[in-house]
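Trainee: Numbering (the working numbering), first residue to last: 42 to 138. A single structure is presented below for examination.
See below:
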C-alpha cells in the first residue's frame, strides 16, 4: 500500500521534514511530494516510499504524561528501519468508524 496518510478532518497530510534519518514528522497541506508518500511494508513498518529504509519511529524514553497512565505522548521521527527498534516501528491500520 502506497499513498498519503491524510487527516480528512483538517485536510492535512503526514509529512517528513526531509528524507533523512532523524527528520521530524508533522502535518502539512497535502501535495504531490516524496516526503508525503508512505508505504506500509509487509513487516508492518510505515516507511517513506522514496527511502524505504526510513521508518516512522516512536522516540525512546518515558514520554510525557498526557492525561493518565495509559496516555503518554512521545515524539515521532523518521529513523532507519531495524529489528532493534521494531517495537517502536510496527503499525497497523483500521478503517474509520
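No residue lacks a Cβ here, since even glycine has one placed at the ideal position from N, Cα and C.
In chain order, what residues of the same chain lie with their CB nearer than 6 Å to the CB of residue 47, ignoring the 5 residues before and after it?
Mentor: 54
Trainee: List in chain order: all unbroken alpha helix (DSSP H) runs of 4+ residues lying wholly within the stretch 58 to 110.
Mentor: none
Trainee: On a CA-only basis, which of 44, 115, 127 is nearest residue 103? Give me that one, please.
Mentor: 115
Trainee: Check whether the Cβ atoms of residue 62 and residue 89 sit closer than 8 Å, and answer yes or no.
Mentor: no
Trainee: Given that a residue counts as buried once 16 or more other Cβ atoms are within 10 Å of its Cβ, and exposed if not, what is residue 56?
Mentor: buried
Trainee: Which residue comes first and which comes last in the beta strand (DSSP E) that contains residue 134?
Mentor: Element bounds for residue 134: n/a, residue is neither H nor E.
Trainee: Is residue 22 helix, strand or coil by DSSP?
Mentor: The displayed coordinates of the chain run from 42 to 138. Any statement about residue 22 would go beyond what the structure contains.
Trainee: Let me make sure I understand the geometry here. Which of 127, 51, 82 has the alpha-carbon closest to that of residue 67?
Mentor: The candidate whose alpha carbon is nearest that of residue 67 is 51.
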